[in-house]
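For reference, the structure is listed below as structure tokens.
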Amino acid sequence: MTEVGHPVELDISRAWLVDPGTGREGPGELVVRGGVLESVGWLEGTAAAGVDATGVIVAPGFIDLHAHLREPGNEAAETIASGLGAAAHGGFTTVCAMPNTEPPIDVSAAVLAAASAAEASGSPVRLRVLGAVTAGRRGESLAPLGDMAEAGVAGYSDDGAPVASAVLFRSALAYAGSLGLPLLDHAEDVSHGGGGEAADGLISTVLGLRGSPPAAEVTAVARDLAILADVVRDVPTARLHLTHLSTGAALDLVRRARAAGLPVTCDVTPHHVALSDEWLAGARRFAWDAIDDGRRRDPWRDGAIVAPPYDTSTRVNPPLRAPEDAAACLAALVDGTADAVATDHAPHAEIDKAVEFGLAANGISGIETAAGLLLAAVDAGRLPLLRAIEALTTGPARVLGRDDVPAPGFVEGRPADLVVIDRAARWAVSPETLASRGRNSPLLGLELPGRVLLSVAGGRLAYRAPD
Ligand SMILES: [Zn+2]
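Here you go:
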């Protein structure tokens with residue numbers, strides 16, 4: 001039996017292959033020898049009989065643009081090693097780590113330290129480090145972006161917070177662009193939405209929680225896009241990536257900006273697609289079931305409230321939004337406005353969540369449940385499987401735009417980078433089944449479709465399900 005970190009030998013016959021590199025999916029087989037993808041074959045006729053997308057599927061390894069691995073500074077919540085282990089369990093073979101650690105990753109030495117922690121972990125999952133935009137993430141002056149580029153960052157972000165200063169945001173966009181790297185912004189007008197406990201609306205009113213309105217996101221996105229339009233005139237290589245967009249209105253702005261040719265990309269999270277703010281009140285149904293003919297259903301009248309309210313695992317920033325906004329996130333995923341699904345994996349130690357709702361840390365430990373939530377949307381007939389896989393592979397690869405992350409797809413002669421999922425199996429999300437140190441998930445106690453059987457990164461075993 002191969003151990004984690006070692007080259008894999010693999011014979012997969014009669015599985016459903018999904019290759020977003022070529023846009024092809026269908027029955028097939030593949031052989032891996034010494035970690036190298038030796039052959040890929042597509043089956044036809046009688047050989048393909050009985051093989052469909054509801055059994056075992058094989059896809060390229062997933063790429064997460066947005067994860068919080070908490071090291072250095074909060075190793076009780078996660079470490080680079082535990083985070084990469086959780087990623088592999090979720091089917092991810094490349095992870096971009098956000099720099100809002102303590103201290104933040106805002107100098108090249110910190111970038112290199114994160115890279116060596118990944119190396120020391122023994123996990124073959126690729127770690128790509130994002131550098132902070134501003135020194136100390138304080139929003140006062142730019143961090144040494146050029147130094148960090150030399151140390152190999154994948155881009156820059158002050159995530160956890162926006163770059164509030166328009167002048168600094170403009171300089172950073174231009175500087176990062178001249179280095180050929182994207183700037184990932186957490187778009188939020190903190191003067192408007194800061195401190196919000198829930199999406200502003202019926203649920204926040206009923207629960208008596210401070211609301212954060214959609215406009216706090218929409219106005220921040222509008223500012224970012226206006227500045228981008230200025231900057232690209234002088235720096236055509238500038239690239240803006242808006243992470244965890246959660247409102248229909250913000251996604252509409254991105255849709256229009258792209259149609260006008262602006263170099264902007266964006267992602268949505270699995271929880272903003274599949275969950276809605278009624279989860280704060282104790283509902284536990286998917287967002288697409290909370291809406292009927294475009295109109296919100298009443299979770300109390302429907303009997304959809306099955307859990308206690310104020311579960312702090314539902315507190316996240318941006319907040320879980322109204323079902324209409326979740327539907328807009330899903331629509332953006334389907335039509336390609338959202339290039340990628342990013343997990344915003346935000347593990348927390350129990351102590352930071354076992355408090356009253358308004359004091360709880362924001363975030364969901366989500367890298368292991370991302371694929372399951374998307375597959376739930378696929379099962380509900382809301383999302384084509386190929387599109388879900390693209391948003392986890394070729395979409396984020398395009399955002400990174402770098403050749404140190406191999407282009408996702410099945411290419412013979414290259415180290416295998418893939419995930420094998422049993423679509424027919426469901427698994428129970430529980431503290432025991434999560435590899436992350438952060439067990440802060442509103443999905444605990446629920447079942448998700450699609451059990452990851454195997455993750456292979458760069459030809460080496462990253463995860464294998466227990467027998
Ligand atoms: Zn954020």
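My numbering applies: residue 1 is where the sequence shown begins, and numbers increase by one.
For every residue, glycine included, the Cβ atom is placed at its ideal position computed from N, Cα and C.
For clarity, every value in this text was computed on a predicted model and none was experimentally measured.
Host alpha helix (DSSP H) of residue i (start-end)
i	result
alanine 328	323-335
valine 306	Counting along the chain, valine 306 falls outside any alpha helix (DSSP H), and DSSP gives it neither H nor E.
glutamate 119	108-121
phenylalanine 92	Segment 92-97 is the beta strand (DSSP E) holding phenylalanine 92; no alpha helix (DSSP H) there.
threonine 394	394-400
threonine 205	202-207
histidine 252	The question names histidine, yet the displayed sequence has aspartate at residue 252. Aspartate 252 -> alpha helix (DSSP H) spans 248-259.
alanine 86	80-89
threonine 219	214-234
glycine 193	190-193
proline 270	270-274
valine 378	370-379
Per-residue burial, residue i [other beta carbons within 10 Å of its own, 16 or more giving buried]
i	result
threonine 205	exposed
proline 308	exposed
proline 103	exposed
proline 442	buried
glycine 91	buried
arginine 295	exposed
valine 355	exposed
alanine 542	What is shown of the chain runs 1 to 467, which leaves residue 542 out entirely.
arginine 423	buried
leucine 359	exposed
valine 107	buried
arginine 464	buried
glutamate 432	exposed
glycine 372	buried
Beta-carbon proximity check, residue i vs residue j, cutoff 8 Å
i	j	result
aspartate 267	threonine 243	yes
alanine 346	asparagine 362	yes
valine 8	valine 456	yes
valine 316	valine 56	no
valine 231	alanine 161	no
asparagine 440	serine 313	yes
glycine 139	valine 163	yes
valine 4	leucine 30	no
Residue i CB to nearest heavy atom of ligand 1 below 7 Å
i	result
glycine 160	yes
histidine 186	yes
asparagine 317	yes
histidine 348	no
aspartate 230	no
aspartate 224	no
histidine 244	yes
aspartate 52	no
aspartate 267	no
aspartate 344	yes
First through last residue of the beta strand (DSSP E) which encompasses residue i
i	result
alanine 425	418-428
valine 167	Where valine 167 is concerned, there is no enclosing beta strand (DSSP E), although the alpha helix (DSSP H) it sits in stretches over 166-178.
proline 449	447-457
aspartate 19	10-19
aspartate 64	62-67
leucine 242	240-242
Test: residue i CB closer than 8 Å to a CB of chain D
i	result
tyrosine 156	Of the protein chains in this structure there is only one, and it is not chain D.
Review point. Okay, do the region 263-277 and the region 163-172 touch, 3+ Cβ pairs below 8 Å being the bar?
Key: no
Point to revise | the region 65-73 touching the region 95-110, judged by at least three CB pairs closer than 8 Å | key: Cβ pair count under 8 Å is three or more, so yes.
Exercise for review: Count the CB pairs spanning the region 209-224 and the region 184-200 that are closer than 8 Å, and state whether there are at least three.
Suggested key: yes
Check your understanding: So does the region 285-300 actually touch the region 407-419, counting three or more Cβ pairs closer than 8 Å?
Key -> no
Review point. With contact counted as at least three CB pairs below 8 Å, one residue from each stretch, are the region 149-157 and the region 127-140 in contact?
Key: yes
Exercise for review: Report yes or no: do three or more beta-carbon pairs, one from the region 452-467 and one from the region 25-42, lie closer than 8 Å?
Suggested key: yes
Review point. Is the region 245-256 in contact with the region 294-306, if contact means three or more CB pairs nearer than 8 Å?
Key: Of all C-beta pairs linking the region 245-256 to the region 294-306, fewer than three are shorter than 8 Å, placing the two stretches out of contact.
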